[in-house]
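What follows is one structure encoded as structure tokens, with my remarks underneath.
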Amino acid sequence: MPDGLIGPNRRNAWTAGPGGVSLVRPARAPRTATVEALPQPVTLDLAATALIVVDMQNDFCAADGWLASIGVDITPARSPIPVLAGLLPRLRTAGVPVVWLNWGNRPDRANLPPGVLHVYDADGTGGGIGAALPHGRGPVLERGSPSAAVVDELEPAADDVHIAKYRMSGFQDTELDSVLRNLRVDTLLFAGVNADQCVLATLMDAANLGYDVLVLQDAVATTSPPFCMDATLYNVRQCFGFTLTSTALAEAL
Numbered sequence: 002m003p004d005g006l007i008g009p010n011r012r013n014a015w016t017a018g019p020g021g022v023s024l025v026r027p028a029r030a031p032r033t034a035t036v037e038a039l040p041q042p043v044t045l046d047l048a049a050t051a052l053i054v055v056d057m058q059n060d061f062c063a064a065d066g067w068l069a070s071i072g073v074d075i076t077p078a079r080s081p082i083p084v085l086a087g088l089l090p091r092l093r094t095a096g097v098p099v100v101w102l103n104w105g106n107r108p109d110r111a112n113l114p115p116g117v118l119h120v121y122d123a124d125g126t127g128g129g130i131g132a133a134l135p136h137g138r139g140p141v142l143e144r145g146s147p148s149a150a151v152v153d154e155l156e157p158a159a160d161d162v163h164i165a166k167y168r169m170s171g172f173q174d175t176e177l178d179s180v181l182r183n184l185r186v187d188t189l190l191f192a193g194v195n196a197d198q199c200v201l202a203t204l205m206d207a208a209n210l211g212y213d214v215l216v217l218q219d220a221v222a223t224t225s226p227p228f229c230m231d232a233t234l235y236n237v238r239q240c241f242g243f244t245l246t247s248t249a250l251a252e253a254l
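Counting the sequence shown from 1 gives a position; the working numbering is that position plus 1.
This is the structure we're talking about:
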């Protein structure tokens with residue numbers, strides 16, 4: 002931060018000097034974009050918008066990751082990759098912060114209750130979170146390991162934000178809400194996997210916290226059956242917010 006500014010970033014800073022401190026944050030002119038969306042068109046303020054990219058990491062999306070190692074067809078999970086690769090540079094140019102929200106557990110798993118561990122180790126044999134993968138990429142979903150890293154095809158920018166999560170929802174037991182408040186955003190775009198699980202759980206918590214929520218429907222995917230995606234998009238439109246395509250957003254940008 003430049004001399005005289007006190008804060009976590011330029012969006013949320015006081016100005017200090019010999020004469021005192023100004024609590025007036027930097028003024029931001031609205032940067033509006035109207036997009037075709039469902040259930041109705043939406044006008045966004047890009048100056049108050051962030052993109053949340055959920056779980057586009059090796060364990061879920063890479064051919065030698067955890068899901069692939071247990072026989073899951075990861076083809077659907079990889080479908081957001083080219084969409085995001087095309088969209089991310091345009092959003093960054095428009096000044097929209099990009100937040101990478103990935104599973105990234107403590108090595109000792111000390112904050113994970115049995116219910117979370119059971120999802121990934123249903124028969125109690127010791128697989129799932131923290132287990133070593135046969136090809137050595139693991140430990141599964143452990144913070145700092147290659148397993149938890151963003152897939153190679155999506156290269157984060159230097160000023161993107163990275164947040165580790167430990168539940169389906171990225172708001173539980175994490176700093177996500179604090180980071181977003183400091184970025185002074187109130188509108189969230191969602192992308193990533195799985196649409197019906199971690200994306201939806203995070204989106205629902207965001208909506209309950211008062212954020213505006215929109216799903217980029219061609220930038221989310223799931224390895225669940227197709228009806229799960231249909232239900233997810235229906236519920237987002239019906240109960241929480243809006244859905245739109247990356248194409249519509251790019252045109253608006």
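Just so it is clear, CB atoms sit at the ideal spot from N, CA and C, and this is done for glycine as well.
Go to residue i, then tell me how far its alpha helix (DSSP H) extends in each direction, as first and last residue.
{"i": "Asp-231", "result": "227-236"}
{"i": "Asn-59", "result": "59-62"}
{"i": "Gly-87", "result": "81-94"}
{"i": "Thr-203", "result": "201-209"}
{"i": "Leu-68", "result": "67-70"}
{"i": "Leu-118", "result": "115-121"}
Residue i: buried (16+ other C-beta within 10 angstroms of its C-beta) or exposed?
{"i": "Pro-140", "result": "buried"}
{"i": "Gln-239", "result": "exposed"}
{"i": "Ile-53", "result": "buried"}
{"i": "Gln-41", "result": "exposed"}
{"i": "Gly-145", "result": "exposed"}
{"i": "Arg-91", "result": "exposed"}
{"i": "Ser-170", "result": "buried"}
{"i": "Glu-154", "result": "exposed"}
{"i": "Thr-244", "result": "buried"}
{"i": "Thr-203", "result": "buried"}
{"i": "Pro-3", "result": "exposed"}
{"i": "Ala-30", "result": "exposed"}
{"i": "Gly-72", "result": "exposed"}
{"i": "Glu-252", "result": "exposed"}
{"i": "Pro-98", "result": "buried"}
Give me the residue from the options with the minimum Cα distance to residue i.
{"i": "Met-205", "options": "Phe-241, Asp-153, Asp-219 and Arg-185", "result": "Phe-241"}
{"i": "Val-267", "options": "Arg-110, Met-57 and Leu-190", "result": "The structure shown does not extend to residue 267, since the chain spans only 2 to 254, so no value can be given for it."}
{"i": "Ala-48", "options": "Pro-3, Ala-69 and Leu-181", "result": "Leu-181"}
{"i": "Ala-159", "options": "Leu-89, Val-22, Thr-246 and Ala-69", "result": "Leu-89"}
{"i": "Arg-138", "options": "Ser-148, Ala-132, Gly-131 and Thr-244", "result": "Ser-148"}
{"i": "Gln-198", "options": "Val-221, Val-152 and Ala-38", "result": "Val-221"}
{"i": "Ala-150", "options": "Asp-4, Thr-50 and Gly-66", "result": "Gly-66"}
{"i": "Leu-254", "options": "Glu-37, Arg-168, Gly-131 and Leu-184", "result": "Glu-37"}
{"i": "Ser-247", "options": "Ser-225, Asp-174, Arg-32 and Ile-82", "result": "Ile-82"}
{"i": "Gly-116", "options": "Gly-105, Arg-168, Asn-209 and Leu-134", "result": "Arg-168"}
{"i": "Leu-102", "options": "Arg-11, Pro-135, Glu-252 and Phe-172", "result": "Phe-172"}
{"i": "Leu-234", "options": "Glu-156, Asn-112, Thr-175 and Leu-201", "result": "Leu-201"}
In this structure, does DSSP put residue i in helix, strand or coil?
{"i": "Phe-241", "result": "helix"}
{"i": "Ala-14", "result": "strand"}
{"i": "Thr-33", "result": "strand"}
{"i": "Thr-50", "result": "strand"}
{"i": "Val-73", "result": "coil"}
{"i": "Val-97", "result": "coil"}
{"i": "Val-152", "result": "coil"}
{"i": "Leu-261", "result": "Limits of the chain in this structure are 2 at one end and 254 at the other, which puts residue 261 out of reach."}
{"i": "Leu-181", "result": "helix"}
{"i": "Ala-28", "result": "coil"}
{"i": "Ala-78", "result": "helix"}
Identify the continuous beta strand (DSSP E) that holds residue i and give its terminal residues.
{"i": "Pro-9", "result": "6-10"}
{"i": "Thr-175", "result": "From DSSP, Thr-175 is part of no beta strand (DSSP E); its letter is neither H nor E."}
{"i": "Val-43", "result": "43-46"}
Tell me residue i's beta-bridge partners as DSSP assigns them.
{"i": "Leu-102", "result": "Val-55 and Ile-164"}
{"i": "Leu-217", "result": "Leu-245"}
{"i": "Val-194", "result": "Ala-222"}
{"i": "Asp-187", "result": "For Asp-187, which the question treats as bridged, DSSP gives no partner whatsoever."}
{"i": "Gly-21", "result": "Gly-18"}
{"i": "Glu-143", "result": "Asn-106"}
{"i": "Leu-39", "result": "Thr-244"}
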